[in-house]
Amino acid sequence: MSKVEIYTKGHCPYCHRAKALLAQKGVAFDEIPIDGDSKLRQVMIDRANGGYTVPQIFINDTHVGGCDDLFALESQQKLDALLAQ
């Protein structure tokens with residue numbers, strides 16, 4: 308199974324939505340909350356090539372993007388293949 312990491316904030320509805328999709332698919336993921344942690348937020352921005360909104364999602368250390376990007380992969384039937392690697 309793939310290594311999935313998701314940078315989140317507690318109050319973010321897009322974070323909750325992305326986590327719900329992953330949970331629905333039975334995918335284990337590491338949640339990295341960045342609330343109030345400027346150093347961790349900068350790590351996220353660096354890894355996401357400047358992406359500063361949450362969530363920022365990585366599958367096997369490859370930046371997937373945010374919630375909309377995750378759902379786009381799902382609607383294009385490409386998410387399962389990424390998760391199976």
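Quick note: to get our numbering, add 307 to the position in the sequence shown (first position is 1). Glycine is no exception: its CB is placed at the ideal position from the N, C-alpha and C atoms. Quantities reported herein were computed from a predicted structural model and do not represent experimental measurements.
Rounded separation between residue i and residue j - CA only
| i | j | result |
| --- | --- | --- |
| residue 385 | residue 319 | 25 Å |
| residue 309 | residue 345 | 28 Å |
| residue 352 | residue 317 | 18 Å |
| residue 382 | residue 330 | 16 Å |
| residue 375 | residue 348 | 20 Å |
| residue 362 | residue 322 | 5 Å |
Sequence-distant residues of the same chain with beta carbon closer than 6 Å to residue i, five excluded per side
| i | result |
| --- | --- |
| residue 364 | 313, 371, 377 |
| residue 315 | 322, 338, 340, 361, 362 |
Cβ-based burial, residue i [other Cβ within 10 Å; buried from 16]
| i | result |
| --- | --- |
| residue 369 | exposed |
Span of the beta strand (DSSP E) around residue i
| i | result |
| --- | --- |
| residue 311 | 311-315 |
| residue 339 | 337-340 |
Of the listed residues the options, nearest to residue i (C-alpha basis)
| i | options | result |
| --- | --- | --- |
| residue 359 | 341, 382, 336 | 341 |
| residue 366 | 324, 322, 391 | 391 |
CB contact check: residue i to chain B, cutoff 8 Å
| i | result |
| --- | --- |
| residue 348 | Reference to chain B is not applicable here, since this structure consists of a single protein chain. |
Element boundaries [alpha helix (DSSP H), containing residue i]
| i | result |
| --- | --- |
| residue 350 | 345-354 |
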